[in-house]
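In the numbering used here, the protein residues as written are 119 to 276.
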């Protein structure tokens, strides 16, 4: 499956990775995410940038289940808080990624499956808690697929 972060590796889904970075092994492991965030903070700090923006899935990988996914995010928030203390860099905004996982193919907040809707709500709650721990200035509610399958939510004619 083509992952959102693959584009950062120079992968367009049809060929080999174009970017080779010393910290990146191309996996979706927690260790690789830790290397990514450390490299990102080193780069951001060298540029003297004060803010960054991130979503829960940018920060931590999806686990095999809800508990593992939550544990991954909690661990990555702790790592990121330590990096923020060292550099003074903090998030301008944080968001919940409610679109890249196939479960959200019919939206998140507007999903007709109550289980998917409940998962999305829990993911937003967990992301709000992460944003608070990180001291984010803003939280962005961004779910671009919601309403797409509903004709009433699309303007068909001018």
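Where a beta carbon is used, it is the ideal one built from N, C-alpha and C, also for glycine. A quick note: this is a predicted structure, and the numbers were derived from the prediction, not measured.
For this session: Going by DSSP, name the residue or residues bridged to residue 209.
Result: Residue mapping note: residue 209 aligns to position 91 of the chain shown, counting from 1. DSSP, once it has assigned bridges, lists 170 as partnering residue 209.
For this session: Using three-state DSSP, classify residue 256 as helix, strand or coil.
Result: Locating residue 256 in the chain shown gives position 138, where the first residue counts as 1. Of the three classes helix, strand and coil, the one that applies to residue 256 here is strand, per DSSP.
Exercise. Taking DSSP as the reference, what is the three-state secondary structure of residue 159?
Worked result: Taking the first residue of the chain shown as 1, we reach residue 159 at position 41. For residue 159, the three-state secondary structure derived from DSSP is helix.
Problem set entry | Close beta carbons around residue 244, own chain, < 8 Å, minus the five adjacent residues each side | Taking the chain shown and counting its residues from 1, the one referred to as residue 244 is at position 126. Here the set comprises 174, 188, 191 and 214.
For this session: Give, in chain order, every unbroken run of the beta strand (DSSP E) that is at least 3 residues long and sits entirely within the region 173 to 250.
Result: Qualifying beta strand (DSSP E) stretches, in chain order: 208 to 213.
Problem set entry | Beta-carbon gap between residue 172 and residue 212 smaller than 8 Å | As a working mapping, residue 172 is identified with position 54 in the chain shown. As a working mapping, residue 212 is identified with position 94 in the chain shown. Inclusion of residue 172 and residue 212 in the CB contact set at 8 Å is warranted, their separation being smaller than that value.
For this session: Whole angstroms is fine: what's the gap from residue 251's alpha carbon to residue 224's?
Result: Within the chain shown, numbered from 1, the residue matching residue 251 stands at position 133. Within the chain shown, numbered from 1, the residue matching residue 224 stands at position 106. So the alpha carbons of these two residues sit roughly 30 Å apart.
Exercise. Going by the CB atoms, is the gap between residue 236 and residue 226 shorter than 8 Å?
Worked result: Locating residue 226 in the chain shown gives position 108, counting from the first residue. Locating residue 236 in the chain shown gives position 118, counting from the first residue. No, the pair does not count as a contact, with Cβ atoms beyond the cut-off.
Exercise. Does the distance from the C-beta atom of residue 195 to that of residue 169 stay below 8 Å?
Worked result: Counted from its first residue, the chain shown places residue 195 at position 77. Counted from its first residue, the chain shown places residue 169 at position 51. In this structure, residue 169 does not lie closer than 8 Å to residue 195 by Cβ.
Exercise. CB-CB under 8 Å to residue 255, same chain, minus the five flanking residues each way: which ones, in chain order?
Worked result: Within the chain shown, numbered from 1, the residue matching residue 255 stands at position 137. Closer than 8 Å at the Cβ level, and outside the excluded window around residue 255, lie 169, 208, 209, 210 and 211.
Exercise. Mind checking whether residue 177 and residue 198 have CB atoms under 8 Å apart?
Worked result: As a working mapping, residue 177 is identified with position 59 in the chain shown. As a working mapping, residue 198 is identified with position 80 in the chain shown. For the pair residue 177 and residue 198, the CB atoms are nearer than the 8 Å cut-off.
Problem set entry | For residue 201 and residue 260, the rounded distance between their alpha carbons | Here residue 260 corresponds to residue number 142 of the chain shown, with the count starting at 1. Here residue 201 corresponds to residue number 83 of the chain shown, with the count starting at 1. C-alpha separation (whole angstroms): 26 Å.
Exercise. What residue from 152, 219 and 164 has the CA that sits closest to residue 182's CA?
Worked result: Within the chain shown, residue 182 is the residue found at index 64, counting from 1. If we check each option's Cα against that of residue 182, 219 comes out closest.
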